[in-house]
Structure formats: C-alpha cells, structure tokens
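Below: the structure, in structure tokens.
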Amino acid sequence: MPQRFVKRSPNVRGILDCTEVALEGASSLTLQSETFSAYKNRTTLKGLIGVAPNGLVTFISQLYTGCISDKEITKISGILPLLEPGDEVMADKGFLIQDLLDEVGAKLTMPPFRHPGQFSKRETEETQAIARLRIIVEQAIARIEHYHIWDSPVPLTLIGTVNQIWHNCCFG
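Just so it is clear: in the sequence shown, position 101 is 101 by the UniProt record's numbering, and no numbers are missing.
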C-alpha cells in the first residue's frame, strides 16, 4: 500500500466510484426512461468500481440502467458482503452509503461537505488529502474508458454481451 495512504487512512479497504457509459437511445419510452441518466443527460449504463489503495481494480459490478443511484448500485452489486467489520471505504461526497456500511460494520470516508463560511484548516487539509487519494479510482476509470469501444454509445444489439465487454475492459 502506498505510504501516503497508510499514513492518511490505514484501514481503507478500497475506493469506490461509479461511472457511466453511453447507450444507444431506444424507441421504447419505458426503456428510455429506465436508462436515462439525469447526470449525463443521455441514456447510459452505470457500473460501480472498487479500487485498492495500490490502484488495482478489485471489484466491478455489472452494468445497470443509468437511472440507478450510487446507493442502490452499492446495495445490489454484491460488494457489501465482501467488506468486514472495521474496513474503511473511501468515496466522493455524493456517495451516501454510510447506512449500508453500518450494516457490515464498515466506515465511509469522504471529503467534508461544504457549509456556510470557510472550512477550518483541518477540514481543508482533510479535503485535500482525500482528493489526492481519490485520484487513484479516477485513474482506474480513465484506463477503462481508454478502450475505444466506449467512444460511442453502446448499440442496443450488444445489451446481451455488454457486461462481458465491461468486465474485460475493467480487468484488461
């Protein structure tokens, strides 16, 4: 584990984040509404990625419809049973999963939320430290997105095999 990580968060088991890949628009209004991501303002598929402190991708979910929340994908992805009491998981501010982690005895570490006024010196240092460590998961996602298959929307004809492609790109 990188020394900077050990010093800051010795119990961090992994860093979580979700990413979305564009999906070809469907003619079915039901499918369009299920796959529409308000965040990306288009139809997408969304996956959860867990990265170890050394940068190794250790967990990937299957791809779900783009309208799924980060919390729901964490709940159904299968990552929670892999965590042990005392584990620490790092995620970004919008990843509101502490109640799910409480069920397995794990802890969520995230940057402090913005509040009226300025952050204290400690909050500023903590935010910067977490941001530096979160770069690890962002770099892993960038490596996955580097595969040019994700440059254009996934055709609906590939829906049956898109998870195999996703897994190969994540662990490739």
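Quick reminder that beta carbons are idealized off the backbone N, C-alpha and C, glycines included.
Predicted, not measured: the structure shown is a model, and the values here were computed from it.
Between Gly14 and Gly50, the C-beta gap is smaller than 8 Å, which places the two residues in contact. With fewer than 16 other CB atoms across the displayed protein chains lying within 10 angstroms of its CB, Ser33 is exposed. Contact between Leu31 and Leu45 fails: their C-beta atoms lie close to 12 Å from each other, not under 8 Å. Per DSSP, Thr58 is one residue of the beta strand (DSSP E) stretching across 57-60.
Val137 is not a Cβ neighbour of Leu108, given a cutoff of 8 Å. Only buried fits Ala140, as 16 or more other CB atoms lie within 10 angstroms of its CB. For the UniProt domain "DDE Tnp4" (16-171), the continuous alpha helix (DSSP H) assignments of 4+ residues that do not extend past its boundaries occur at 29-35, 70-76, 98-102, 121-145, 162-171, in sequence order. The segment 149-168 makes contact with the segment 60-69: 3 or more CB pairs, one atom from each, lie closer than 8 Å. Judged by their CB atoms, Leu133 and Val104 are not nearer to each other than the 8 Å cut-off. Rounded to the nearest angstrom, the gap between the Cα atoms of Ile135 and Thr43 is 26 Å.
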